[in-house]
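Report on one structure; see the data block that follows.
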Amino acid sequence: MYKVFPALFILTLLTNIYYSQETSQNQEIENFSTAISYSSGEINELYIPAPNITPYSVRTAVFDIDYVSVPADVQAVVDFAASVWHTALNATIPITIKVKWEPLGCNGGICTLGSTSINLEGLGGGLGNDPYDYPTSLANQLDNTDYSWSSDIVFTLNSDYPNFYKGIDGDCDSTQIDLVTVTLHEIGHGLGFASGVWSGLGFTGFGSNFYNTFIQIGDAPGGTAMDAVSWSTSVESDNLFWNGANTIAANNGSMPAIYAPNPYEGGSSISHFDPSSPSITANILMRPGLSDGQVIHSPSVLDMALLEDMGWVINCIFDGCTDPVACNFDPNACNDDGSCIQPEWYLPNIVGGGHAILACSYISGYSKAINQSCAADVIASDSFCLSTSWDPVCQDAYECCSDIQNHGCTELYACNYDSTACWDDGSCIYCAPNYSCFNVTFTGTENILIGTSGSWTLTGSDGVIEESGSYSFGISGGVSSIPSSCVPDDCYTFEVQEASEWSLPVSWSLGFDSNTYSSEGASGNTLSFASASASGCMDPIACNYDASLCFDDGSCNYQDILTLDLLNTTWYLESEWGCNTFLPTIINSFLFINGDNTFYTSSGYQGVWSNCFNTITFLYDDGTVYNGSLDFFTVQISGTMNNPSGILFNSGCFIMNQATPGCLDDTACNYDINVTHDDGSCTFPGCSDINACNYFVDAGCLEDCVYPLGQTNQVLGCTYPTAVNYDPTATVDNGTCMFDLIDPGMCGTGTYFDVVEGMCLPDGTGSGVTCMGDLDGDGFVNTNDLLSFLSVFGSTCP
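Quick note: the sequence shown uses the numbering used here, first residue 1132, plus one each step.
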């Protein structure tokens, strides 16, 4: 059932003092004076900016406004005020307003600024179980039904009032009334901020207005609720409060006071917050007075909370500091406006005289830290400074942090670690995988005549300059460090080039991949080095050969687990260039393997070898490569060979078998039945007598000599009479004589008989004469002397 609110709101201006005006049964008067908040008549200039207005296309509430003879500049004001409310509310049914611009006149010094009326509606169209009436605009939202048959809110603005400020920028001076503020206030009443009480023979109007159900006598929890009886006796009690959960929360847990002065003030009583209450500050829109120069372009937290208690769904429109630890934290703000004022660190005036304190204002015995960020960093890294005491350790760290000269990277494993830094400045550099850390420091020497200057380059294996720079020192010399950087893992050449022949030499220290190099270890001004990942074995035949490397660090491994005792075996190598082609080239030889990974062959070749995962490689000095594998059953190594420089053939095949070399000829002196491969070492029997027909100089063993006809057969034996085995029947000495070792007569002066050698040897005195029988003068009497004698035997002396 649609109703017209039984009251008319009239906003008036009092030019000097506050007046209360009674009206007829269907009217309430709101009085606004140039000094309504102050009995002294002072001007109250205030500016509360509008919230961030929601764009019209995405607004959450729609206001349909019907203008009746309203000029464009006033329409702009009303549109702006409506945009503030459509930002603050979330309404699904449009809210309809009719606005009139008509003369309302002034009477007895009171100028009426505007008047407002509200339509009411019960839930369910007045047919439901809820006994209360709501502003139609609110009932529509609660039931999600449009009950309006005419405008929900109707207000008139006084076209005769000359001092309205009609701008929307809030630039209202102290002689004007801000029309935006008036319009916002009146729409607030139209949304339900109104009690409906009026005066006649007594105060009536409690009725069924839902607004009145939140008003109670006194602010004690569970206080006396208003009813029709208590209503008439409490309107002028100055002891009425709003008991709504949202409003109490917004008022810091206490009920805000409702304006109930004595005497009753028509148009103000019961329908506003009480401005005399400490919590009802000047920024609250729904106060009973407005001063010149006062600009309020946004409802306050308390204004919105009361509407939320009534049932409106509201949006947070309040800007402010949303940081709970800030000094000016605003619990009602939902849009941080960047205004937060953070607390600051205070340190005891005496080191050890207390712990650090985070505060918003001065503390006795403390001083605000000059360097706030350093104080915060010290405390973050050492909780003792905050929880227990700001002791010398804390102070030293603070002073170190405050001196930027002490800053640097303190992380030991960082690329740019600085051992002299006492405070980590967050500059640490960590190289990504496959990158190494590089840095260099130059030191110039002092010279009274000339300085030192030059340039440097760091060149990779591909010839590309990875890093470069220059250095320059005056006559005083000095130290210059190049900032650390990360370069790709590679082999590098570092080269220093002096600027001119007149420049003094410079010394340098280079750090790379956890290693340190210096100019003292360089070759002139050039140094070659490599990262660990680019270093390793570069020998293609090694087990750990890596073709991607560029620097051989001597780590080559040529053997894994030996599958055969290669070192203690003689191998017989049979190789054939061409592998059974029409022009085969067969090379057979014995091959001997050494423990130092070298080998040699009986045919005079040599090289290096490796045994990796049963792949056996032989690299000859001439570049020929044999690659083979071991057959565990036949104990045979076989494979291929190649030589890129071969003339007819550059590839071939080979086999290797274990061999016992020796003599295989059973007629030879040294025939060995265990030999598997003849090595050409056979020696054969023969006569050692040079006069014999069958004399054989290379005889491996003796056989009977055959002499020319007419000569008797000679008897072999010892023909020296002084020998202990002298054979008087022997005609040819066979070198088997043995002598008495202790007979001094055996050797001449200056010689002695050597037991081991079995002959006379010089005694080293130099006093002796030539040893008897030593024809060749070598100090020994042996077969050579005999052969020398025989070679001249029978000669005629001159």
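Quick reminder that beta carbons are idealized off the backbone N, C-alpha and C, glycines included. Remember, it's a predicted structure, so these values are computed and weren't measured experimentally.
- Bounds of the beta strand (DSSP E) holding GLN1347 are 1346 to 1348.
- Along the length of the stretch 1720 to 1789, whole beta strand (DSSP E) runs at least 3 residues long occupy 1729 to 1732, 1737 to 1743, 1746 to 1751, 1756 to 1762, 1767 to 1773, reported in chain order.
- With contact defined as three or more Cβ pairs closer than 8 Å, the stretch 1762 to 1770 and the stretch 1675 to 1690 are not in contact.
- Taking one beta carbon from each stretch, the stretch 1314 to 1329 and the stretch 1384 to 1404 have 3 or more pairs nearer than 8 Å; the two touch.
- In its chain, beyond the 5 residues on either side, TYR1342, ASN1343, ILE1401, SER1402 have a beta carbon closer than 6 Å to the beta carbon of SER1326.
- Per the C-alpha coordinates, the member of ILE1672, GLU1707, CYS1681, ALA1790 positioned closest to LEU1750 is ILE1672.
- About 4 Å separates the Cβ atoms of ALA1500 and TRP1476, confirming a contact at the 8 Å cut-off.
- According to DSSP, residue pairing for LEU1478 in a beta bridge involves SER1498.
- DSSP places HIS1486 in the coil class of the three-state scheme, outside both helix and strand.
- Every beta strand (DSSP E) of 3 residues or more that sits fully in the stretch 1622 to 1690 is shown, in chain order, as 1622 to 1629, 1638 to 1643, 1646 to 1649, 1657 to 1661.
- With the rule of 3 Cβ pairs closer than 8 Å, the stretch 1211 to 1219 does not count as touching the stretch 1258 to 1272.
- Residue environment: ASP1797 is assigned as exposed (fewer than 16 neighbouring CB atoms within 10 Å of its CB, all protein chains considered).
- ASN1250 and ILE1284 have their C-alpha atoms roughly 7 Å apart.
- In this structure, the beta-carbon distance from PHE1460 to ASP1468 does not fall below 8 Å.
- Residue pairing for THR1814: DSSP places it in no beta bridge.
- Here ASP1527 is exposed. Its C-beta has fewer than 16 other C-beta atoms within 10 Å.
- The continuous beta strand (DSSP E) containing GLN1425 extends over residues 1425 to 1427.
- By the C-beta criterion, the stretch 1433 to 1443 is judged not to be in contact with the stretch 1362 to 1372, since fewer than 3 inter-stretch pairs fall below 8 Å.
- The Cβ neighbour count for SER1615, taken over all protein chains shown within 10 Å, is at least 16; the residue is labelled buried.
- When the alpha-carbon of ILE1472 is set against those of SER1492, ALA1487, ASN1466, GLY1484, the nearest one is in SER1492.
- Assignment of LEU1269 by DSSP, reduced to helix, strand and coil, places it in the helix class.
- Boundaries of the alpha helix (DSSP H) harbouring ASP1527: 1523 to 1533, taken from the DSSP string.
- Taking each of ASN1537, GLU1530, TYR1851 in turn and checking the Cα distance to SER1550, the smallest one comes out for ASN1537.
- Ranked by Cα distance from GLY1255, the options SER1279, LEU1244, ILE1581 are led by SER1279.
- If the five residues before and after ASP1644 are omitted, its C-beta is found closer than 7 Å to the C-beta atoms of SER1567, CYS1568, SER1662, ALA1663, all from its own chain and listed in chain order.
- In the structure shown, GLU1317 adopts helical secondary structure according to DSSP, grouped into three states.
- When the beta-carbon positions are compared, GLU1626 and SER1607 stay at least 8 Å from each other.
- The secondary-structure analysis by DSSP pairs LYS1231 across a beta bridge with VAL1199, THR1287.
- Going by C-alpha positions, GLY1642 is about 17 Å away from SER1601.
- Counting only the Cα atoms, SER1512 lies some 11 Å from TYR1529.
- Within its own chain, the residues whose Cβ lies closer than 7 Å to the Cβ of ASN1271, once the five positions on either side in sequence are excluded, are ILE1224, ASP1277, TYR1278, SER1279, listed in chain order.
- Taking GLU1176 as the centre and dropping the five residues before and after it, the same chain places the C-beta of SER1305, GLY1424, GLN1425 closer than 7 Å to its C-beta, in chain order.
- With contact defined as three or more Cβ pairs closer than 8 Å, the stretch 1583 to 1597 and the stretch 1544 to 1564 are not in contact.
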